[in-house]
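Respectively, the protein sequence lines represent chains A and B.
Note that the numbering used here has the first sequence beginning at 45, numbered continuously upward.
Note that the numbering used here has the second sequence beginning at 405, numbered continuously upward.
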Amino acid sequence: MSYLVKKLDNAHIVWFQASNQWVQFDEPQWLIFSFYVKGTELNEAANKFAKKYSTSQSEAAQLVGSFYKSLGKLFNPDFDIPDFSVDSNLVKLYQPLRTRKRYYSFKNKAFSIVYGSPSLEKYIHLPIKNLETKGVTTGQCFEVFIHGSKHFLKVGEQSPKYFAAQDSGQLKRLLYIEMANFFYEKKTNDWLAFIHGSAVKMNDEVLILTSEGGSGKSTMAGLLLKHGFELFSDDFIPVDSVSPKVFPFPASLCVKNDAISMLKEQGYTLFEPAKSNLAYVVQHRGSEPTKPCKKLKVVFIKYNSNVDFQLNPISTLEALYHFFQEGWVGNDLKRARKFISWFSKLEFYRLEFGNNSKAIQALTDLVGKHEK
Amino acid sequence: MKKEEKAKTDRKLEEETDISRRKAIKKMGYAAFAASTMFLLLNNPTKVHAQSPGDDNPGDPGGGDWDDWG
Chain A
45 MSYLVKKLDN AHIVWFQASN QWVQFDEPQW LIFSFYVKGT ELNEAANKFA
95 KKYSTSQSEA AQLVGSFYKS LGKLFNPDFD IPDFSVDSNL VKLYQPLRTR
145 KRYYSFKNKA FSIVYGSPSL EKYIHLPIKN LETKGVTTGQ CFEVFIHGSK
195 HFLKVGEQSP KYFAAQDSGQ LKRLLYIEMA NFFYEKKTND WLAFIHGSAV
245 KMNDEVLILT SEGGSGKSTM AGLLLKHGFE LFSDDFIPVD SVSPKVFPFP
295 ASLCVKNDAI SMLKEQGYTL FEPAKSNLAY VVQHRGSEPT KPCKKLKVVF
345 IKYNSNVDFQ LNPISTLEAL YHFFQEGWVG NDLKRARKFI SWFSKLEFYR
395 LEFGNNSKAI QALTDLVGKH EK
Chain B
405 MKKEEKAKTD RKLEEETDIS RRKAIKKMGY AAFAASTMFL LLNNPTKVHA
455 QSPGDDNPGD PGGGDWDDWG
């Protein structure tokens, strides 16, 4: 019965190893949890709960009984924790009809990707087109393809590893993780967390802009590039479990709809593929790739044309809830412990804006300012 | 002989269908649990590695024509 507890404000944050579930308990829930882990009988726990919170015996019995049942599922989940690695037998009948191989390089590390379909190529290649090299190079090989109802990722050629995904989005994420492992010589379990967001850097400090898709994070990251920031990552931000530091990921900044014309008006060079409503910001990266960074602030961002501008610090507890909407944390005790310790030392803000200029100014001012 | 083969195929299909049904119920497990619990669940452990639907996610990933992309 392995779990981890961290008190944040008035809440207890508990992580359950068996289910990899992070849960927030208020005081009454925490009391019931304490009874459960001590092995207190249901009737005795209900009596104690009724006494403490002045409820009727029947109410307490119902509540404690219901919580005990839920806690049982947290410690013994009846749902599967995802495992994407699969046996090569699953793909032994795969016979590609048509493929295309492209070559890339990042940090002087050459790699290639074989695409099993044009649509997969469009989806995966375009964000990393900036890394493409002209010549044929040897290096790490990746292959993405569809076989049966699954999307597969093959890593390596001599003793390949296979991963099966449900859809293209999952496939791209698995590929990005394997690419990050390759670039930084790590294993998947070396990463503390992965964040869906855009990140920019100035003066050795990273600003992570995170939110669900379509909230303006890539557009704002793009606008900040004209104000002294450099692009750190777009879409995918890995955090290592040693330092912990955030690591750059070299996908191009991707914008859509109105943001395309806005960035063009501001003088940005964009790559606009045909038959797509997306555009990629063309950037000339320096000879030295951006280094991993320890210092960071996290901004939960939302574009709202009805609002002028609001930027407010938010509590770690509130941030934790928002973070998990777009973040993933390593599912073992060591990483869970490290994560909550790292996370509770970070600064978090919520930005809602319709006025770009004010938002840019506020985010620029944020770098170098310290609340904690 | 043909009957035996058919019975074998039917049995295999039944087994496979049963397995996939059981798998589907197990997959529903988290959704069912999340809907029934009274706790504030912060993460969805069945969601993957900060996965986003992504821009330009192909609806038909097998289709399309090869392009040089500039």
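Each residue gets a CB set at the ideal place from its N, CA and C atoms; glycine is no exception.
is_contact[residue i, chain B] using C-beta, thresh 8 Å
i: His191/A; result: no
i: Val67/A; result: yes
i: Tyr112/A; result: no
i: Trp372/A; result: yes
i: Lys166/A; result: yes
i: Ile157/A; result: no
i: Lys416/A; result: At Lys416/A, the pLDDT of 48 sits below 50, so the modelled position is not reliable; the number obtained from the coordinates is stated separately. Judged by the 8 Å Cβ criterion, Lys416/A is not in contact with chain B.
i: Lys117/A; result: yes
i: Arg394/A; result: no
i: His271/A; result: no
i: Ile125/A; result: yes
i: His56/A; result: no
i: Arg381/A; result: no
i: Val49/A; result: no
i: Leu364/A; result: yes
i: Gln354/A; result: no
i: Pro317/A; result: yes
i: Gln61/A; result: no
i: Gln310/A; result: no
i: Leu340/A; result: no
Within chain A, partners of residue i - CB distance below 9 Å
i: Asp366/B; result: Any question about residue 366/B goes unanswered here, given that chain B covers just 405 to 474.
Buried versus exposed call for residue i [16 or more other C-beta atoms within 10 Å across all chains shown]
i: Thr254/A; result: buried
i: Ala435/B; result: exposed
i: Pro333/A; result: exposed
i: Pro292/A; result: buried
i: Asn447/B; result: buried
i: Ile125/A; result: exposed
i: Ser242/A; result: buried
i: Glu176/A; result: exposed
i: Met442/B; result: exposed
i: Arg379/A; result: buried
i: Trp470/B; result: exposed
i: Ser401/A; result: exposed
i: His453/B; result: buried
i: Ala323/A; result: buried
i: Asn399/A; result: exposed
i: Leu170/A; result: buried
i: Thr182/A; result: exposed
i: His271/A; result: exposed
i: Asn348/A; result: exposed
i: Gln202/A; result: exposed
i: Asp47/A; result: In the sequence on display, residue 47/A carries Tyr and not Asp. It is buried - the Cβ of Tyr47/A has at least 16 other Cβ atoms within 10 Å.
i: Ala89/A; result: buried
i: Pro140/A; result: exposed
Listed by chain order, chain B residues near residue i by CB distance under 7 Å
i: Lys173/A; result: Trp473
i: Asn64/A; result: Pro449
i: Phe368/A; result: Leu446 and Asn447
Any non-hydrogen atom of the ligand FAD closer than 7 Å to residue i Cβ
i: Gly213/A; result: The ligand content of the structure shown is nil, which means the ligand FAD is not present either.
9 Å Cβ cut-off: residues of chain B touching residue i
i: Leu314/A; result: Under the 9 Å cutoff, chain B gives no residues; its nearest Cβ is about 11 Å from Leu314/A.
Neighbour flag for residue i against chain A, beta carbons, 8 Å
i: Glu409/B; result: no
**Prompt:** Are the stretch 292-311 of chain A and the stretch 266-275 of chain A touching, with three or more C-beta to C-beta distances below 8 Å?
**Reply:** yes
**Message:** Output needed in chain order: residues of the stretch 73-107 of chain A with a Cβ under 7 Å from some Cβ in chain B.
**Reply:** Gln73
**Message:** For the pair the stretch 208-219 of chain A and the stretch 309-324 of chain A, tell me if three or more CB-CB distances fall below 8 Å.
**Reply:** no
**Prompt:** Does the stretch 104-115 of chain A come within contact of the stretch 134-147 of chain A, defined as at least 3 CB pairs closer than 8 Å?
**Reply:** no
**Message:** Tell me whether the stretch 389-401 of chain A and the stretch 54-70 of chain A touch, counting them as touching only if at least three CB pairs, one residue from each stretch, are closer than 8 Å.
**Reply:** no
**Request:** Give the residues from the stretch 217-245 of chain A that approach chain B closer than 8 Å (Cβ to any Cβ), ordered along the chain.
**Result:** Arg217, Leu218, Ile221, Ala237, Phe238, Ile239 and His240
**Request:** Could you tell me whether the stretch 266-285 of chain A touches the stretch 232-241 of chain A, where touching means 3 or more Cβ pairs closer than 8 Å?
**Result:** yes
**Message:** For the stretch 166-182 of chain A against the stretch 119-134 of chain A, do three or more pairs of beta-carbon atoms, one drawn from each stretch, fall closer than 8 Å, so that the two count as touching?
**Reply:** no
**Message:** Against chain B, which members of the stretch 130-144 of chain A pass a CB distance test of less than 9 Å?
**Reply:** Arg142 and Arg144
**Message:** Give me the subset of the stretch 203-218 of chain A whose CB atoms are less than 7 Å from a CB atom of chain B, sorted by chain position.
**Reply:** Residues are counted here when their Cβ sits less than 7 Å from a Cβ of chain B; for the stretch 203-218 of chain A these are Ser212, Gly213, Gln214, Lys216 and Arg217, given in chain order.
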